[in-house]
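A quick write-up on the structure given underneath.
Numbering (my numbering), first residue to last: 2 to 363.
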C-alpha cells in the first residue's frame, strides 16, 4: 500500500513538472522565433526606418520582415507609396471588384490601375507575390503617381532566365532594373517566379521613392536612369554630390560580396567604392591599396559623408576600404559570404584596424 502511494505521488510530481516545463519551452521558442523575424537584416534597417518616418510602411508587415510578402501586403505598401509620391489623399471606399477580399487598399489599387485580379474574380490576397508581379505593381505605382515622367527604357538586359519572364512584366523589369530600383538575385539572373521578403519589398519601394524625390528636387520632369553606363538622364545635373551619393549607396545595400567583382550586382570592397564614385563621374584607382592615393587626407574627427575610410590589419598595409556614412558608421563589402552593409567604426575589428581617410568628393 505504501509502495503504491509513493508511486502515485511520484507520478503526480513528474506530471506537474512536465506540464510546467513544456509550455515554458514552447513559449520561449515561439518568442525567439518571433523576435528573429521581427528584427530586420542590418542592410535593410535604414530603408525600413525611412519607410516608417514617411508613413509608407503598413503596420501589418512590421512583425516579420524576413518572411515572404503577400499580394495583399505589397499592394498596401504600393498604395501608401502612391499617396506619398502623388501627395493625394485617396478615399479608401467603394465596392471590392474581387470575391475573396474587401480590403480597401486592394479596391483602391484596382481603381488606380496598379493591380489586377487573377482572372477568376479573385485576387489571391494571401498568396506570395512573385518578383515579376512586384516589378509590375511598383512600375504602375510610379506611372500613376508621376504620370508626366518618361518611363521608357530602350535597354533589354540579358538575364540568363530572361525567357522565363512573362511578356507583360518585361517592360517594368527593364525599367526598374535600369533605374537600379530592383536587382537580380545572382549574376545575370532575375528569378521572375521567385518570392520577395518583406524587407526586400520595402527596400524596392524606398529606392523608387528616393528616385522620385531626387528628380523632383533637381527638376520637375524626370527620373535619372543609369545602369552600367549612361542610358538617359531626364533631370538637370544634380549639384548636391552628398545627396546623390546617398541615393547611390542605398541602391547597393544587400548585394553580395564576390572577390574581384566591380558591380553592378556584386562587389569586393574596393570594387564597391570605385563603382559608387564612378557613378558620380569620379575616377579612383581599383584596389584598396591604390585608393589611399585618391583625394586628400582627412582626420578621423573631421569625417564627412562620402569620405573613403581605409583599414590596415597590421597597421601598415591597406587591406580594406569603405565609405563613411555618418554617425560613426561606414558602408562596405566585407568578405565572402557577406553582403554590402553598414558597420560601426566605434568598436570591434574596424575600430582597431582603422588607418586613414581620404576626401574624394568636391
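Ideal placement from N, C-alpha and C gives every residue a C-beta, glycine not left out.
ask   = When you compare each of 344, 42, 136, 63 to residue 325 by their alpha carbons, which one comes out closest?
value = On the chain shown, residue 325 is found 324 positions in, with the first residue counted as 1. Minimum Cα distance to residue 325 is reached at 344.
request  = Would you decide whether residue 72 is buried or exposed? Buried here means 16 or more other CB atoms lie within 10 Å of its CB.
outcome  = Locating residue 72 in the chain shown gives position 71, counting from the first residue. Residue 72 comes out buried.
request  = Helix, strand or coil for residue 198, going by three-state DSSP, please let me know.
outcome  = Taking the first residue of the chain shown as 1, we reach residue 198 at position 197. The answer is strand: DSSP assigns residue 198 an E or B state.
request  = Spatial neighbours of residue 1 within its chain, please: CB distance less than 7 Å, with the 5 preceding and 5 following residues excluded, ordered by chain position.
outcome  = Because the chain spans 2 through 363 in this model, residue 1 falls outside it and cannot be assessed.
message = For a test of the three-state rule: what should DSSP assign to residue 187, helix, strand or coil?
response = Taking the first residue of the chain shown as position 1, residue 187 is located at position 186. Residue 187 falls in the strand class under three-state DSSP.
key: residue 299, enclosing beta strand (DSSP E) - first and last residue   = Position 298 of the chain shown, counted from the first residue, corresponds to residue 299. Taken as a continuous stretch (DSSP letters only), the beta strand (DSSP E) holding residue 299 covers 297-299.
inquiry  = Quick check: residue 124 and residue 202, are their CB atoms within less than 8 Å of each other?
reply    = For this step, residue 124 is matched to residue 123 along the chain shown. For this step, residue 202 is matched to residue 201 along the chain shown. Result no, Cβ atoms of residue 124 and residue 202 do not sit closer than 8 Å.
Identity of the residues DSSP links to residue 359 by a beta bridge = Your numbering for residue 359 matches position 358 in the chain shown. Paired residue(s): 298, 309.
ask   = What does a CB cutoff of less than 8 Å around residue 61 pick up in its chain, not counting 5 residues either side in sequence?
value = Working through the chain shown from its first residue, we reach residue 61 at position 60. 74, 77.
request  = Determine the direct distance from the alpha carbon of residue 141 to that of residue 149, and round the result to whole angstroms.
outcome  = The sequence position of residue 149 within the chain shown is 148, counting from 1. The sequence position of residue 141 within the chain shown is 140, counting from 1. Rounded to the nearest angstrom, the two C-alpha atoms are 13 Å apart.
query = From 59, 297, 252, 66, pick the residue whose C-alpha is nearest to that of residue 42; which is it?
reply = Start at 1 with the first residue of the chain shown, and residue 42 comes out as number 41. That would be 66, whose Cα lies nearest to the Cα of residue 42.
query = Which one of 195, 302, 332, 185 has the shortest CA to CA distance from residue 251?
reply = For the purposes of this step, residue 251 is taken as residue 250 along the chain shown, with counting starting at 1. Measuring from the Cα of residue 251, the nearest candidate turns out to be 332.
Range covered by the beta strand (DSSP E) that runs through residue 278 = Stepping through the chain shown from its first residue, residue 278 is reached at position 277. Here residue 278 belongs to no beta strand (DSSP E); instead the alpha helix (DSSP H) covers 270-280.
message = If I follow the unbroken alpha helix (DSSP H) through residue 140, where does it start and stop?
response = Position 139 of the chain shown, counted from the first residue, corresponds to residue 140. Note, residue 140: alpha helix (DSSP H), 132-146.
ask   = What are the start and end residues of the alpha helix (DSSP H) that includes residue 108?
value = The sequence position of residue 108 within the chain shown is 107, counting from 1. Residues 105-113.
Close-in-space but distant-in-sequence residues of the same chain around residue 103 (CB under 7 Å, 5 per side omitted) = Translated into the one-based positions of the chain shown, residue 103 becomes position 102. Same-chain partners within the cutoff: 97.
query = Since residue 325 sits in a beta bridge, which residues does DSSP pair it with?
reply = For this step, residue 325 is matched to residue 324 along the chain shown. Its beta-bridge partners are 331.
inquiry  = Is residue 284 a contact residue of the ligand NAP, with contact defined as CB to any heavy atom under 7 Å?
reply    = With respect to the ligand NAP, the structure offers nothing, as it holds no ligand at all.
N- and C-terminal bounds of the beta strand (DSSP E) containing residue 342 = Position 341 of the chain shown holds residue 342. Per DSSP, residue 342 belongs to the beta strand (DSSP E) from 342-345.
request  = State the beta-bridge partners of residue 85 as determined by DSSP.
outcome  = Position 84 of the chain shown holds residue 85. In DSSP, residue 85 forms no bridge with anything.
query = Is residue 69 helix, strand or coil by DSSP?
reply = The sequence position of residue 69 within the chain shown is 68, counting from 1. If DSSP states are grouped into helix, strand and coil, residue 69 belongs with the strands.
Three-state secondary structure assigned by DSSP to residue 349 = Taking the chain shown and counting its residues from 1, one reaches residue 349 at position 348. DSSP places residue 349 in coil when its eight states are reduced to three.
request  = Within 10 angstroms of the Cβ of residue 48, are there 16 or more other Cβ atoms? Answer buried if so, exposed if not.
outcome  = Counting from one through the chain shown, the residue named residue 48 turns up at place 47. Per the 10 Å Cβ criterion, buried.
ask   = residue 92 to residue 361, Cα distance in whole Å?
value = Residue mapping note: residue 92 aligns to position 91 of the chain shown, counting from 1. Residue mapping note: residue 361 aligns to position 360 of the chain shown, counting from 1. Between residue 92 and residue 361, the C-alpha separation is close to 48 Å.
query = So what's residue 213 in DSSP terms, helix, strand or just coil?
reply = By one-based count along the chain shown, residue 213 stands at place 212. Reduced to three states, the DSSP call for residue 213 is helix.
query = DSSP on residue 259, reduced to helix/strand/coil?
reply = Counted from its first residue, the chain shown places residue 259 at position 258. Three-state result, residue 259: coil.
inquiry  = Would you say residue 210 lies against chain C (beta-carbon separation less than 8 Å)?
reply    = Absent from the structure: chain C. Only one protein chain is present.
request  = May I have the straight-line CA-CA distance separating residue 137 from residue 168, to the nearest angstrom?
outcome  = Here residue 137 is taken as the residue at index 136 of the chain shown, counted from 1. Here residue 168 is taken as the residue at index 167 of the chain shown, counted from 1. Roughly 11 Å separates the two Cα atoms.
key: Continuous alpha helix (DSSP H) stretch holding residue 253: start and end   = In the chain shown, the residue the question calls residue 253 occupies position 252. Unbroken alpha helix (DSSP H) run through residue 253: 242-253.
Enclosing alpha helix (DSSP H) for residue 172 [first to last residue] = Here residue 172 is taken as the residue at index 171 of the chain shown, counted from 1. 171-179 is the extent of the alpha helix (DSSP H) around residue 172.
ask   = What are the partner residues of residue 129, as DSSP defines its beta bridges?
value = On the chain shown, position 128 is the one that residue 129 refers to. 71, per the DSSP bridge assignment.
inquiry  = Pop quiz: residue 258 and residue 312 are said to be a contact at Cβ under 8 Å. What is the actual Cβ separation, rounded to whole angstroms?
reply    = Here residue 258 is taken as the residue at index 257 of the chain shown, counted from 1. Here residue 312 is taken as the residue at index 311 of the chain shown, counted from 1. Going by Cβ atoms, the distance from residue 258 to residue 312 rounds to 15 Å, so no, they are not a contact pair.
ask   = Nearest-angstrom Cα distance between residue 306 and residue 327?
value = As a first step, residue 306 must be located in the chain shown, where it is residue number 305. As a first step, residue 327 must be located in the chain shown, where it is residue number 326. Distance between the alpha carbons of residue 306 and residue 327: 5 Å.
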